[in-house]
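Working notes for the structure below.
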Amino acid sequence: GTRIIYDRKFLLDRRNSPLAQ
Amino acid sequence: QKVKEVMVPPGEHPLQYKYTFWYSRRTPSRPASTHNYEQNIRQFGTVASVEQFWRIYSHIVRPGDLTGYSDFHLFKDGIKPMWEDEANKNGGKWIIRLRKGLASRFWENIILAMLGEQFMVGEEICGVVVSIRFQEDILSIWNKTANDQFSTVRIRDTLRRVLNLPPNTIMEYKTHTDSLKDNSSFRNTKITV
Numbered sequence: 001g002t003r004i005i006y007d008r009k010f011l012l013d014r015r016n017s018p019l020a021q
Numbered sequence: 022q023k024v025k026e027v028m029v030p031p032g033e034h035p036l037q038y039k040y041t042f043w044y045s046r047r048t049p050s051r052p053a054s055t056h057n058y059e060q061n062i063r064q065f066g067t068v069a070s071v072e073q074f075w076r077i078y079s080h081i082v083r084p085g086d087l088t089g090y091s092d093f094h095l096f097k098d099g100i101k102p103m104w105e106d107e108a109n110k111n112g113g114k115w116i117i118r119l120r121k122g123l124a125s126r127f128w129e130n131i132i133l134a135m136l137g138e139q140f141m142v143g144e145e146i147c148g149v150v151v152s153i154r155f156q157e158d159i160l161s162i163w164n165k166t167a168n169d170q171f172s173t174v175r176i177r178d179t180l181r182r183v184l185n186l187p188p189n190t191i192m193e194y195k196t197h198t199d200s201l202k203d204n205s206s207f208r209n210t211k212i213t214v
C-alpha cells in the first residue's frame, strides 16, 4: 500500500494550525 | 495497561503509524534491573495524527531542560521501549552521543523524520529515545532486525542526512541481545565512522 510521507517543513507548518493547539 | 483506540479527528493529517510517548527516570546508582525499569517507565500519550502529535509535544518539557538521569521515548503503538519486547528482541539501535545543549534540537529532528516516514525501511523502525545523562546526552533509534544490514545502513545514512551530522560523526550500533548480556544500553558498542 501507499505510505504516508511528510517532510520536515510540512510537519512544522502544522504546528501552528488551530487543530494543533 | 489501558486499552484505548486513538482515532484521527476530521481535518487532521493521519500518521502512517500511531506512536506512544514514554518517560522514564531512575537513580543512576541503582542497577537497572528489568523489574525496576518497568516500574519507572510511564506512557503519557498516544498520537495518530500530526496535529495530535503537536498538541502533546508542545506541552512537554524539552529534553535539554531535564536534569538528572531521564529518558523520553517515542515508540510505535504496541511496542514497549524494552529490549525484551517481541518487536525489539531481535533488534538493535543506532546511538549518537551529543554534547550538552544539543539534545532538544536533535530530538525534534529525529522525531519528525520518524513520523514523516523518512527512513524508508518498511516496518523496521520501532522508536526513538533521548537519554539525558550527566556528561552527555544520547539519541537512539531502535529497529526490529539487527542483522538486516540493508535497513541498518539506510537508517544510519538517513540519520546523517536528517540530523545534518558532520561526516566524521561517530555512529555506534548495539544489538539488544548484547545490551541484555551486559545489562547496559551504551557500553561496548560497534563503532562506525
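Top line first, the protein sequences correspond to chains S and E.
To convert, note that position 15 of the first sequence is 15 in our numbering; the numbers rise steadily by one, no gaps.
To convert, note that position 178 of the second sequence is 199 in our numbering; the numbers rise steadily by one, no gaps.
No residue lacks a Cβ here, since even glycine has one placed at the ideal position from N, Cα and C.
In this text the structure is predicted, and so the values were computed from the model without any measurement.
Does the Cβ of residue i have 16 or more other Cβ atoms within 10 Å, making it buried, or fewer, making it exposed?
i	result
Gly32(E)	exposed
Lys165(E)	buried
Val82(E)	exposed
Leu201(E)	exposed
Ile100(E)	buried
Thr41(E)	buried
Thr198(E)	exposed
Thr88(E)	exposed
Can a CB atom of chain S be found closer than 8 Å to the CB of residue i?
i	result
Pro35(E)	yes
Glu138(E)	yes
Gly32(E)	yes
Arg76(E)	yes
Val71(E)	yes
Leu133(E)	yes
Please state whether the Cβ-Cβ distance between residue i and residue j is less than 8 Å.
i	j	result
Asn109(E)	Trp163(E)	yes
Arg8(S)	Val71(E)	no
Thr173(E)	Met192(E)	no
Glu138(E)	Gln37(E)	yes
Phe74(E)	Leu136(E)	yes
Ala167(E)	Gly113(E)	yes
Gly85(E)	Ala124(E)	yes
Tyr90(E)	Arg154(E)	yes
In this structure, what does DSSP give as the bridge partners for residue i?
i	result
Gly113(E)	Asn164(E), Thr196(E)
Ser91(E)	Arg46(E), Ile153(E)
Less than 8 Å between CB atoms is the rule here; does residue i satisfy it with respect to chain C?
i	result
Tyr90(E)	The chain labelled as chain C is not found among the protein chains of the depicted structure, namely S and E.
| Between the region 174 to 189 of chain E and the region 95 to 102 of chain E, do at least 3 Cβ pairs fall closer than 8 Å? | no
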